[in-house]
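Heads up: the first sequence begins at 1 in the numbering used here, then just goes up one per residue.
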Amino acid sequence: MLDKQYDAKKYEDGIYKMWEESGAFKADVNSEKEAFTISMPPPNATGTLHLGHAVMLALEDIMIRHRRMKGYEALYLPGTDHAAIATENVVIRKIKEEKKIKDPRTLGREAVIQEIKDFVANSQNTIRSQVRKMGTSCDWSRERYTMDEMLNRCVNEVFVKMYKDGLIYRGHRIVNWDPNLKTNVSDDEMDYVEKKDSFYWFKYGPFTIGTVRPETKFGDKYVVVHPDDERYQQYEHGETFECEWINGPITATIIKDKAADPEFGTGAMTITPWHSAVDFEIAERHNLDKEQIIDLEGNLLSVADEFAGMPITEAREKIVEKLDKKGLLVKVEENYVHKVAINSRGKGMIEPQIREQWFIDVNKKVVQWKGVTRSLKEVMQEVVRSEEIKILPERFDKIYFNWIDNLRDWCISRQIWWGHQIPVWYKTEGDSTDMHVGVQAPEGEGWERDPDTLDTWFSSGSWTWSTLIDPNLADDYSLSLEDMLENSPDFQKFHPTQVLETGYDILFFWVARMILMTTYTVGTIPFDTVYLHGLIRTREGKKMSKSDPKTCIDPLEVIEKYGADALRMSMVIGSSPGNDSRLYDEKIKGYRNFTNKLWNASRFVLGIFEENGIAEAPKLDLKNLSDADQWILDKLNKVVVETDNSLMEYKIGEAGQLLYDFVWNEFCDWYLELSKGEKQNLGVLYHCLKTILILLHPITPFVTEQIWSQLPGAEGMLIQADFPTPLEGQFDGSAVELTIGIVSAIRSMRAENQIEAAQKIPVTIFAYDHFETVDRNKPDIIRLARLSALSLYGTDEEKKLSGAAADVVNGMEIYIPLEGLVDTEKEKERLQKEIANLTKYIAGLTGKLSNKKFVQNAPEAIVEAEKNKLEEAEEKLGKMEEQLKNL
RNA sequence: GGGCGCUUAGCUCAGUUGGUUAGAGCGUCUGGUUUACACCCAGAAGGUCAUAGGUUCGACUCCUAUAGCGCCCACCA
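Dropping the structure here:
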C-alpha cells in the first residue's frame with residue numbers, strides 16, 4: 001500500500017532511471033508519425049542549473065510529453081554550450097586562484113584550452129544530472145555540444161559560405177575592447193553602470209571643452225561644434241588655429257558636425273576617434289586622422305610623452321594637475337553622474353579601440369529567400385512578418401522588429417582562445433600576405449591560422465540543424481554542407497523544429513541569430529514557434545542573483561524538499577509567456593500539497609479497487625450511470641478537451657490551472673465524497689483516475705508515473721500512454737449541480753436548522769452529521785441551485801417533497817426560503833439585489849439582440865440561444881418580483 | 001531621445017472575438033482529529049479591475065489622455 005504522504009524524494013530518481021533505460025525518451029527517425037521537435041537551449045557548460053534553466057526545462061518537457069502522448073514522434077534534443085567568453089573567464093580566474101599564476105595566458109594556448117576542456121567536462125556532468133532531476137524527457141542518445149566535431153565543421157562551413165557570398169568581411173572598426181579579458185565584446189554584451197566622476201573643463205584655444213576622461217585627450221586635434229551654433233558662427237569648417245595643449249603647442253582644426261550638441265556645456269568638444277564610437281563616426285565622415293592613445297592593456301602610448309606606459313587610471317589626476325599648472329583648467333565639477341560601459345561578462349570596463357575584426361554584413365542583398373534576393377536583415381524581418389515564425393507573446397514581434405531596424409553589422413571575431421577558431425590562414429612571404437579561407441587548413445608550409453575565435457552565438461545560431469546532422473560525416477570532406485544535410489535522416493525528419501522555448505532576454509542574442517544563420521544556410525526557418533518565458537523573480541520582485549544566496553532559490557534544493565513535480569507546477573501555473581513571475585516557498589509548498597492530494601485521492605481509489613478484488617481494468621459501462629457518474633464524466637470530458645486545446649496553443653499555465661481545479665475541487669471534493677457510502681461505479685472511478693493521471697503527466701510526470709505503477713491493469717509506463725480523447729456520448733451532470741447547490745446552501749445555514757432542511761431535500765447528501773458543526777452566525781437562507789438543474793432533476797414527487805423549496809419552475813434560477821428558517825428582511829434585501837442584477841442582465845441581452853452586427857454575424861444557434869436566455873430571464877424576473885411581494 | 005509593457009482582493013497572479021453576480025492560490029478570520037489526505041475539510045470577510053474622458057444598449061476588455069512602476073535600445077564630449 002502507498003504511504004500516507006507522497007515523498008517525492010523516495011521515487012523520483014528511480015522513475016527517471018526507469019524511463020531512461022526503457023528508451024522512452026528516444027525518438028525514432030524511421031517512425032511514420034509526424035515529428036515534433038524541440039532543441040533544448042543548451043545550458044552553458046560552466047556551472048550549475050539555475051531557475052532560468054528550471055523554468056525552461058519544465059515548459060519544454062510539458063510540451064514534449066504532451067505531444068509524445070498525442071502520438072507525435074517527439075524529439076527533445078539536449079546539449080550544452082561552450083559559452084566562449086564566460087567559460088574562459090571562469091577558468092582563467094580559477095587558474096589564477098588555484099595555481100597562483102598571475103597571467104594564466106603565459107601557459108600558452110594549448111595548456112589553457114586543456115584546462116578549459118577539463119573544467120567543461122566536469123560541468124557537463126553536473127548539468128546532465130541536474131537536467132535529469134527536473135524530469136526532463138530528452139533524448140540523451142542525441143546529446144550535442146557546441147564544440148563537437150560536427151558542430152565545428154558546420155561553423156566552418158557557414159563561415160566559408162558567407163565569406164564566399166561576400167557577407168563576411170574584415171575591417172578596421174571601433175570595437176568594445178575589454179582590457180581585462182583582452183578581447184572585444186559585441187554591442188549586446190555590454191552593460192552600463194552609473195558612476196560618479198569629476199567633470200573637467202579645459203581651455204582649448206579659444207574654446208572651452210569638457211571631459212571626464214582627460215587621459216584620452218593627448219591626440220585631440222579637432223574641435224567639433226554644431227553647424228547652427230550661433231556662438232561659433234565666426235569660425236569656418238576646416239579652419240585651423242594654434243593652441244597650447246597638454247604636451248606643448250598643437251595645430252587644431254575646427255569641424256562643424258551635427259553630432260555636437262549645442263545644449264551640452266559650451267557646445268564645443270574635441271574628439272578621440274580611436275577610443276570613442278561617436279568620435280570615430282565623426283572622423284569617418286570628415287576623413288580625419290585617427291590616432292591610438294591607449295594600448296590594449298589600458299596603458300598610455302608614446303603620444304603621451306612623459307605619461308607613456310602609465311595605466312589610464314593613474315594618469316588622469318596627473319594630467320589634470322599638469323593642465324592646471326599650465327592655466328588651462330577652467331573648472332572641475334565634482335560628482336558628475338554618467339554611465340560607463342562594462343562587459344556584462346566579467347564586469348570589466350570597456351575601452352573602445354580600433355581593431356581589425358571580422359564582420360557579418362547584414363545589409364548586403366545576396367540571400368535568396370522565397371524567390372527574392374534579400375539581405376540577412378530583410379530575411380529576418382520577412383519570416384516573422386509573414387508569420388512563418390510566430391513569436392509568443394505576440395507583442396515581442398514589435399521588439400524584434402525594432403531591434404532589427406537598428407541592427408548594425410555583427411562583429412563575430414573575439415580575441416580569446418576558447419571557441420571555434422576562425423577558419424582563415426595567412427602566409428606571409430616578403431611584402432605580400434596570402435589568405436586562405438576554408439573549411440580545412442590549406443596544404444603547404446608556412447600557413448598560420450588566425451588566432452581569433454568566433455562569437456559564441458555564431459555557433460549556437462546553427463543549433464537547431466547542426467545538431468541533427470549525422471556526426472559520423474564530420475570528417476568526410478568530400479561532402480558539401482548540402483550533402484551532409486541530405487544524408488542525415490535526423491535532419492530530414494526533425495527539421496525545422498516546432499518550438500524554440502527560451503527566455504526573452506536572449507531574443508536578440510540567440511533567437512534572432514538562429515533565424516539569421518538557419519534561413520541563410522539551410523534555406524528554411526529553424527522553428528515554427530518561439531515561446532518566450534519571463535524571468536523568475538523573488539517574492540519582492542527582485543532579480544535573483546547568484547552572488548546573493550538569500551534571494552536566490554536553488555532549484556535542486558527545492559526538488560530535494562518538495563519534489564520536481566511541485567517545482568514544475570509552481571513555475572508554470574500563474575505565469576504566461578513573456579511575463580516575469582515570482583517564486584517563493586509558500587507557492588511551491590502549495591503545489592507540493594497538490595501532488596499529495598492527488599496521491600491520497602489515488603490511494604483512496606486504489607483502496608476501493610483492492611476491496612473489490614480488482615486486478616484488471618474494470619469495464620466502463622456507460623449504460624447504468626448514477627447522477628454523480630454522469631456529472632464527473634461530463635466534467636472530465638470538458639477537461640480533456642480544454643487541457644488538450646490549452647497545451648496545443650502553448651497555454652501551459654492555463655492547462656495546469658484547469659487540472660488543478662478539476663482534480664481538487666471537482667474530482668476529490670465532490671465525486672469522491674459523493675461516492676462514499678454509495679455503491680461505487682468501479683468502471684467510472686477507474687476511468688477518471690486513469691484519465692487524470694494521463695492528463696497531469698506532462699506537468700507532474702513523477703507522481704503520476706508512480707501512481708500509475710500501482711494502478712491495476714495499467715499497461716506499460718505512463719510516459720508512453722495515449723493522451724485521452726473525450727468519451728462518446730452526452731453526460732447529464734445537472735443532478736449533481738443541484739446537489740452541490742443545495743448542499744452549499746444547507747452548509748451555510750444555522751446549524752440547528754441544517755438537519756431539518758437537509759431532510760426536506762430529496763437529494764443524496766453525503767453526510768448529515770457534517771452540518772451540526774457549521775458556524776452559527778451564517779446567513780439563514782437557503783440558496784437553491786440553478787433551475788436548469790432543477791427542471792431536469794427528480795420525479796414530481798421528489799420535487800413536492802422538497803417542501804418549501806417546491807416553488808421551482810422551469811428554466812430559472814431561484815432562491816427560496818425554507819419556511820421558518822429564514823430572516824425575512826435579509827431575504828428581501830437579497831431579492832432586491834437579485835432583481836436589480838437581473839434587470840441589468842435583461843437590458844444587456846436586449847441590447848445584444850438589437851445589435852445588427854451581432855445578429856448578422858453570430859451563428860444562428862447562438863442568436864437563438866440568446867433569445868431563449870432573454871425569455872427565461874424575463875420570466876424569472878417576474879417570479880422574483882412576485883416573490884418579493886409575498887414576503 | 002526611440003521602442004515595448006505593467007497597474008485586477010492584504011500578498012502573488014489568471015482573465016481575447018466587449019455580455020449574467022470579475023476568479024484562483026496564499027494570508028486573515030470562524031468552525032472541525034470527517035480513516036484517502038491537517039501537505040486535510042467546511043465556511044466567511046476582502047474589489048469604484050490605477051485615474052479621467054470617449055466609443056457602445058453594455059467596457060477589466062476597445063480608443064485618447066494623465067499618473068505611478070518596469071523592461072529593451074541608443075546617447076551621455
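We treat Cβ as the ideally placed atom computed from N, Cα and C, and that holds for glycine.
Check: Does DSSP put C243 in a helix, in a strand, or in coil?; Outcome: strand
Check: Compare the beta carbon distance of L328 and E244 with 8 Å and say whether it is the shorter of the two.; Outcome: yes
Check: Suppose contacts are defined by Cβ-Cβ distances below 8 Å. Is A628 in contact with L693 by that definition?; Outcome: no
Check: Classify Y6: buried if its beta carbon has 16 or more other beta carbons within 10 angstroms, exposed otherwise.; Outcome: buried
Check: Along the alpha helix (DSSP H) that carries W417, what are the first and last residues, could you check?; Outcome: Element bounds for W417: n/a, residue is neither H nor E.
Check: Taking the C-alpha atoms as reference points, what is the distance between K543 and Y72?; Outcome: 37 Å
Check: How far does the beta strand (DSSP E) with W425 in it extend, from its first residue to its last?; Outcome: V424 to E429
Check: Using DSSP with H/G/I as helix, E/B as strand and the rest coil, what is R539?; Outcome: coil
Check: Secondary structure at A789, three-state DSSP: helix, strand or coil?; Outcome: Below a pLDDT of 50, predicted positions are generally treated as unreliable, and A789, at 28, falls in that range; the measurement from the model is reported next regardless. Here A789 sits in helix by DSSP.
Check: Note down the Cα distance separating R385 from T37, rounded to an integer number of angstroms.; Outcome: 23 Å
Check: For V888 and Q710, what's the separation of their Cα atoms in angstroms?; Outcome: No answer is possible for residue 888: the residues shown for the chain start at 1 and end at 887.
Check: Beta carbon of W447: closer than 7 Å to some heavy atom of the ligand ATP?; Outcome: As far as ligands go, the structure on display features none, and thus does not contain the ligand ATP.
Check: Take V640 as the anchor and find which of G346, A58 and L696 has the nearest alpha-carbon.; Outcome: L696
Check: Please say whether D452 and Q498 have beta carbons closer to each other than 8 Å?; Outcome: no
Check: Spatial neighbours of P779 within its chain, please: C-beta separation below 6 Å, excluding the five flanking residues on both sides.; Outcome: Since pLDDT at P779 reaches only 25, below the 50 mark, its modelled position is unreliable, and no value is offered.
Check: To the nearest angstrom, how far is it from the Cα of D191 to the Cα of M349?; Outcome: 10 Å
Check: To which residues of the same chain is T691 closer than 8 Å at the C-beta, ignoring the five residues directly before and after it?; Outcome: L636, V640 and P724
Check: Taking Cβ positions, are L323 and Y222 nearer each other than 8 Å?; Outcome: no
Check: Please confirm if the stretch 442-456 is in contact with the stretch 405-414, defined as three or more CB-CB distances below 8 Å between the two stretches.; Outcome: yes
Check: Going by DSSP in three states, K635 sits in which element: helix, strand or coil?; Outcome: helix
Check: Determine the DSSP secondary structure at C154, reduced to helix, strand or coil.; Outcome: helix
Check: For I652, count neighbouring C-beta atoms within 10 Å of its own C-beta (all shown protein chains included) and say buried if the count is 16 or more, exposed if not.; Outcome: buried
Check: For the alpha helix (DSSP H) that I85 lies in, which residues bound it at each end?; Outcome: A84 to K99
Check: Exposed or buried, D455, counting other C-beta atoms within 10 Å across all chains shown (16 or more means buried)?; Outcome: buried
Check: Within its chain, find whatever has a CB closer than 6 Å to the CB of N681; leave out the 5 residues flanking it on each side and keep chain order.; Outcome: D629
Check: Taking I608 as the reference, give the member of K679, G14, R144 and N487 with the closest Cα.; Outcome: K679
Check: In or out: R568 buried (at least 16 other Cβ within 10 Å) or exposed?; Outcome: buried
Check: Suppose only complete runs of 3+ residues qualify. What are the beta strand (DSSP E) ranges in the stretch 471-495, listed by chain order?; Outcome: none
Check: Whole angstroms are fine: how far does the CA of H275 sit from the CA of W425?; Outcome: 29 Å
Check: Could you round the C-beta distance between I127 and P43 to whole angstroms and report it? I think they count as a contact, below 8 Å.; Outcome: 5 Å
Check: On the DSSP letters alone, give me the boundaries of the beta strand (DSSP E) that L77 sits inside.; Outcome: E73 to L77
Check: How long is the line joining the alpha carbons of D118 and G346, rounded to whole angstroms?; Outcome: 21 Å
Check: Could you tell me which whole beta strand (DSSP E) segments of length 3 or greater appear in the stretch 106-185?; Outcome: 168-178 and 183-185
Check: The beta strand (DSSP E) spanning L392 covers which residue range?; Outcome: K390 to L392
Check: Under the three-state reduction of DSSP, which class applies to S802: helix, strand or coil?; Outcome: In this predicted model, S802 has a pLDDT of only 34, less than 50, meaning its place in the structure is not dependable enough to derive any value.
Check: Go ahead and label A121 buried or exposed: buried means 16 or more other beta carbons lie within 10 angstroms of its beta carbon, across all protein chains shown.; Outcome: exposed
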